Amino acid sequence: MNMNFYKRVLGTVVIPLVFLLVLLFICQINGRVMIANQVSFTNFVIYAAIIMITTIALSINLNSGRFDFSLGSIAVLSSVISSKISYALLGQSAASAFIMFILSMVIGGLLGFISGRLYNFLRIPPIITSLGVTLIYEGITYTITSGKYLMAEVQTASMSAFISNWVNIAVIVLVVLAVIIYIFNLSKFGAEYRALKNGQKVAVNTGIKEVPNAIWCYVICGILMGIVGFLNAGRNMTINGGALNFGSISIMFTAFLPMFIGGFIGRYSNEYIGYLLAGICMSLLNSTFAVFANEITASMQSIINALLLVVFLIYLNNEGKIVNLFTFRWLRRN
Amino acid sequence: MKAKYANFAKKATALVLVGAVLTGSVFARPKKAKNVKIGVLVSDVSGEEALGFRAYYEKYIASAYNVTFKYTEQLTNAEEEKSAIEKFAAQGCKAIISLSSSDRVTQLQTCSDYKLYYAIASGMLEDDQYEQYKNNPYFVGQIGPSMETEFQAGLEMGRYFAAKGVKSVSIYGAFIPNPMHVYRTAGVLIGLGATYGGTNDKNAVVGQLFGDSRVNVAKISSPKVAIKSYFQGFGETTTDELNAAIQAKPDAFLSVGMATTFFTSQLNAAGIEFSDIDSFTSGNGKAMKDGKLVYLAGKYSSSIGPIFAAVINAVNGNSIRDKGNAISLSQNYLVAKNYADFDKFYTSDSGSSPIFDKSKLDSVIGSNVSYEAFKSLVENN
Numbered sequence: 324m325n326m327n328f329y330k331r332v333l334g335t336v337v338i339p340l341v342f343l344l345v346l347l348f349i350c351q352i353n354g355r356v357m358i359a360n361q362v363s364f365t366n367f368v369i370y371a372a373i374i375m376i377t378t379i380a381l382s383i384n385l386n387s388g389r390f391d392f393s394l395g396s397i398a399v400l401s402s403v404i405s406s407k408i409s410y411a412l413l414g415q416s417a418a419s420a421f422i423m424f425i426l427s428m429v430i431g432g433l434l435g436f437i438s439g440r441l442y443n444f445l446r447i448p449p450i451i452t453s454l455g456v457t458l459i460y461e462g463i464t465y466t467i468t469s470g471k472y473l474m475a476e477v478q479t480a481s482m483s484a485f486i487s488n489w490v491n492i493a494v495i496v497l498v499v500l501a502v503i504i505y506i507f508n509l510s511k512f513g514a515e516y517r518a519l520k521n522g523q524k525v526a527v528n529t530g531i532k533e534v535p536n537a538i539w540c541y542v543i544c545g546i547l548m549g550i551v552g553f554l555n556a557g558r559n560m561t562i563n564g565g566a567l568n569f570g571s572i573s574i575m576f577t578a579f580l581p582m583f584i585g586g587f588i589g590r591y592s593n594e595y596i597g598y599l600l601a602g603i604c605m606s607l608l609n610s611t612f613a614v615f616a617n618e619i620t621a622s623m624q625s626i627i628n629a630l631l632l633v634v635f636l637i638y639l640n641n642e643g644k645i646v647n648l649f650t651f652r653w654l655r656r657n
Numbered sequence: 117m118k119a120k121y122a123n124f125a126k127k128a129t130a131l132v133l134v135g136a137v138l139t140g141s142v143f144a145r146p147k148k149a150k151n152v153k154i155g156v157l158v159s160d161v162s163g164e165e166a167l168g169f170r171a172y173y174e175k176y177i178a179s180a181y182n183v184t185f186k187y188t189e190q191l192t193n194a195e196e197e198k199s200a201i202e203k204f205a206a207q208g209c210k211a212i213i214s215l216s217s218s219d220r221v222t223q224l225q226t227c228s229d230y231k232l233y234y235a236i237a238s239g240m241l242e243d244d245q246y247e248q249y250k251n252n253p254y255f256v257g258q259i260g261p262s263m264e265t266e267f268q269a270g271l272e273m274g275r276y277f278a279a280k281g282v283k284s285v286s287i288y289g290a291f292i293p294n295p296m297h298v299y300r301t302a303g304v305l306i307g308l309g310a311t312y313g314g315t316n317d318k319n320a321v322v323g324q325l326f327g328d329s330r331v332n333v334a335k336i337s338s339p340k341v342a343i344k345s346y347f348q349g350f351g352e353t354t355t356d357e358l359n360a361a362i363q364a365k366p367d368a369f370l371s372v373g374m375a376t377t378f379f380t381s382q383l384n385a386a387g388i389e390f391s392d393i394d395s396f397t398s399g400n401g402k403a404m405k406d407g408k409l410v411y412l413a414g415k416y417s418s419s420i421g422p423i424f425a426a427v428i429n430a431v432n433g434n435s436i437r438d439k440g441n442a443i444s445l446s447q448n449y450l451v452a453k454n455y456a457d458f459d460k461f462y463t464s465d466s467g468s469s470p471i472f473d474k475s476k477l478d479s480v481i482g483s484n485v486s487y488e489a490f491k492s493l494v495e496n497n
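Protein sequence lines correspond, in order, to chains A and B.
So the first sequence is residues 324 to 657, counted in this note's numbering.
So the second sequence is residues 117 to 497, counted in this note's numbering.
Given below as structure tokens:
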């Protein structure tokens, strides 16, 4: 095993390891337990999955210069429609959660397709299109739910059984990871995606069709957010149908820090494995916040998350100088 | 010639008669009352209580009276409230009814600036704020649980569980700085026999809760009932916090608001008795009948009827004043401790026959309605 391998392993695990050790230490010195029982562990796995999948969905379009605010609204609307359909058809049946899961992906994909076609049709900056799509999807959600929280459709024995088993969630995570790595790292589609991302004009001149690639990206993002919508519904046991005026975009912002962490880890291993590890980091942080919730209010948690993002961005933009400083390279040069 | 003039006379007479009939019918037709637009500020758009209020106004009141209610989306801060009032003014609203409490004083001042009547439904200003603004001619009044009523609601809830002999509880709520939740929480703690920061004086406890900007569990001393956990809000950590509260295996879970919206299934599944201050809805009925909801303090959906009556009177130039001051009347909570009680409250305030129905409201809408008559209506129902 050469030094390059060890460097790659270190680069991959250093951030999650630092998160784990620091947070465990903070809990230990305060006499708290970060993950106290089976239910806490399941919640940890679910939140890590939500963050990982949202981050992948955000990165797919963002890395191609397409800022998509509509992710949250797709998650909510797909889960609303799928829960309504599955509850209407199956009620409290044991299969209703699985059917809701499948439907959520299908509907999410369809919503993503509509979003992608709109972007292509209107030929205006995608950030503008996504703002409009967000408002439309939020409005549809509000109309379907009359602004209410959906409870009966989600609070079924089937959903409780599905979501309370961390193995189900882990399987979802692994399958999503495997499929996404295959699509974007190993398939022709992924090669075209990377070519378009790194040099659109050249890629188009070589014959790569940009429009179908972009639209398929939107479809894949929609499917991923359908999964997120399902997981959120199971985690909260309600779906808030009353979010209007960009109330749904907050979920997108939870993915920014993980995206940068994942990008950093991606230099040493694989970007998508990086997003998984970043999701684990954020879930560790979330579990720690929960333990200290009486001391660290929701607004303080937001500030801490923002500070972590800023600090990490400062590091990324000055990585060379910081590495030189800590390895005393500047001293050896002098 | 004679026949020609006779013919002309006949036609002229006929025309005059037709004209007279038409003119008479125009003057005889009653003047169509102008539709009154009323803006409604809301901070909760999804909870069962909020939806009940909205259904009462939009489905019952709007169809019974010539009014149109224009609702805001969820308002989360004072700036949004102000902006909403300005938009309503531009849309021709004559009055604002507020169910949002980020900054009621600014709401009132903004309404005054735009010459809109302002009223508070299901809530109240702080006492000193009311004293300061009660003379404002655009301040119609406030009808809802006073802070003392909110405190009493929490107190009775705490006392109920203490008398039941519970040895441990988890508490949820107190979305500080929402004053009604703070007063409720103070009442719950004192009702359980606890002290906060060494005192069980209402004002001292409330002051500390505001000052701490949270409920500091370390400051709670409760010799008879252990406070296993406390959490507030509904954010990313709530699932874990609820899990921690359930894992602590309390005898009861006391909520000062919204637990029945968010946590019913989890608490039912854990077999933990719980309480809430909410409203009488079908969902809560199911939780009380088949689940573990054992105590519910609630309001009727039509409890916001009288404040509408006061507003429409003001718009029509028939303001009801209490010795020249804005109306200020307290409404108590009703408490259901079993399904029979719940059902009684629930069925007596149904959508098509609410407690404050048109006949009751008509008795206090119009000219020459005295404050005493209005007060009697509110307090006797």
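C-beta: ideal position from N, C-alpha, C; glycine also.
On a predicted model such as this, the values are computed, not experimentally measured, just so you know.
Closer than 8 Å: residue i CB and nearest the ligand SAH heavy atom
{"i": "B:Ser238", "result": "As far as ligands go, the structure on display features none, and thus does not contain the ligand SAH."}
The alpha helix (DSSP H) enclosing residue i, as first and last residue numbers
{"i": "A:Ala480", "result": "480 to 486"}
{"i": "B:Gln245", "result": "243 to 249"}
{"i": "A:Leu500", "result": "489 to 504"}
{"i": "A:Gln523", "result": "523 to 528"}
{"i": "A:Val429", "result": "419 to 445"}
{"i": "A:Ile463", "result": "449 to 468"}
{"i": "B:Ala194", "result": "194 to 206"}
Partner residues on chain C for residue i, Cβ-Cβ distance less than 7 Å
{"i": "B:Arg437", "result": "The structure shown has no chain C; the protein chains it does contain are A and B."}
Where residue i falls: helix, strand or coil (DSSP)
{"i": "B:Lys453", "result": "coil"}
{"i": "B:Leu232", "result": "coil"}
{"i": "A:Asn563", "result": "strand"}
{"i": "B:Ser223", "result": "Correcting the residue type first, residue 223 of chain B is Gln in the shown sequence and not Ser. In this structure, B:Gln223 counts as helix in the three-state DSSP scheme."}
{"i": "B:Leu138", "result": "In this prediction, B:Leu138 has a pLDDT of 47, which is less than 50 and means its spatial position is unreliable; nothing more can be read from the coordinates."}
{"i": "B:Ser216", "result": "coil"}
{"i": "B:Asp459", "result": "helix"}
{"i": "B:Gly414", "result": "strand"}
{"i": "B:Gln382", "result": "helix"}
{"i": "A:Lys520", "result": "helix"}
{"i": "A:Asn366", "result": "helix"}
{"i": "B:Glu488", "result": "helix"}
{"i": "B:Val161", "result": "coil"}
{"i": "B:Asn465", "result": "The amino acid occupying residue 465 of chain B in the given sequence is Asp; Asn does not appear at that position. Here B:Asp465 sits in coil by DSSP."}
{"i": "B:Lys153", "result": "strand"}
{"i": "A:Ser510", "result": "coil"}
{"i": "B:Ser254", "result": "The sequence as given places Tyr at residue 254 of chain B; Ser does not occur at that position. It is coil, neither helix nor strand."}
{"i": "A:Ser393", "result": "coil"}
7 Å Cβ shell around residue i - same chain, five flanking residues per side excluded
{"i": "A:Ile463", "result": "Leu400"}
{"i": "B:Leu138", "result": "The predicted position of B:Leu138 is uncertain, since its pLDDT is 47 and thus under 50; a value taken from the coordinates is nonetheless stated next. Hits under 7 Å: none found."}
Beta-carbon proximity list for residue i, same chain, < 8 Å, skipping 5 on both sides
{"i": "B:Ser141", "result": "Unreliable placement is indicated for B:Ser141, whose pLDDT of 42 sits below 50; no coordinate value is reported for it."}
{"i": "A:Ala418", "result": "Ser481"}
{"i": "B:Ser371", "result": "Ile287, Tyr288, Gly289, Phe379, Phe390, Ser391, Asp392, Ile393"}
Residues near residue i by beta carbon distance below 6 Å, same chain, minus five either side
{"i": "B:Lys147", "result": "Because B:Lys147 sits at a pLDDT of 46, beneath the cut-off of 50, its placement in the model cannot be relied upon, and the following sentence gives the value as read from the coordinates. Correct list: empty, nothing qualifies."}
{"i": "B:Tyr416", "result": "Asp465, Ile471"}
Endpoints, beta strand (DSSP E) assigned at residue i
{"i": "A:Gln624", "result": "Note, A:Gln624: premise wrong, no beta strand (DSSP E); alpha helix (DSSP H) at 621 to 640."}
{"i": "B:Leu370", "result": "368 to 371"}
{"i": "B:Tyr288", "result": "284 to 288"}
{"i": "B:Ser398", "result": "It is not in any beta strand (DSSP E) - B:Ser398 instead sits in the alpha helix (DSSP H) that spans 398 to 406."}
The stretch 466 to 486 of chain A / the stretch 578 to 588 of chain A touching (three or more Cβ pairs under 8 Å): no
Chain A contacts made by the stretch 355 to 383 of chain B, where a contact means CB separation under 9 Å: Thr355, Asp356, Glu357, Asn359, Ala360, Ile362, Gln363, Thr377, Phe378, Phe379, Thr380, Ser381, Gln382
Chain A contacts made by the stretch 188 to 207 of chain B, where a contact means CB separation under 8 Å: Glu189, Gln190
Members of the stretch 344 to 377 of chain A that neighbour chain B once the beta carbon cut-off is set at 7 Å: Ala359, Asn360, Val362, Ser363, Asn366
Given 8 Å, three or more beta-carbon pairs between the stretch 468 to 481 of chain A and the stretch 394 to 411 of chain A: yes
At least 3 beta-carbon pairs within less than 8 Å: the stretch 190 to 199 of chain B vs the stretch 240 to 248 of chain B: no
Where the stretch 151 to 169 of chain B meets chain A: residues whose CB sits under 7 Å from a CB there: Val161, Ser162, Leu167
Three-pair Cβ contact test at 8 Å for the stretch 615 to 629 of chain A versus the stretch 559 to 569 of chain A: no
Residues of the stretch 443 to 463 of chain B with Cβ closer than 8 Å to any Cβ of chain A, in chain order: none
Interfacial residues, the stretch 533 to 564 of chain A to chain B, with Cβ spacing under 8 Å: Arg558, Asn559, Met560, Thr561, Asn563, Gly564
Stretch pair the stretch 201 to 213 of chain B + the stretch 161 to 168 of chain B: three plus CB contacts closer than 8 Å: no
The stretch 442 to 449 of chain A touching the stretch 367 to 376 of chain A, judged by at least three CB pairs closer than 8 Å: no
Chain-ordered residues of the stretch 382 to 413 of chain B with a beta carbon less than 8 Å from chain A: Gln382, Ala385, Gly399
Contact list for the stretch 330 to 354 of chain B against chain A, Cβ threshold 9 Å: Arg330, Val331, Asn332, Val333, Ala334, Ser345, Tyr346, Phe347, Gln348, Gly349, Phe350, Gly351, Glu352, Thr353, Thr354
The stretch 217 to 228 of chain B touching the stretch 403 to 417 of chain B, judged by at least three CB pairs closer than 8 Å: no
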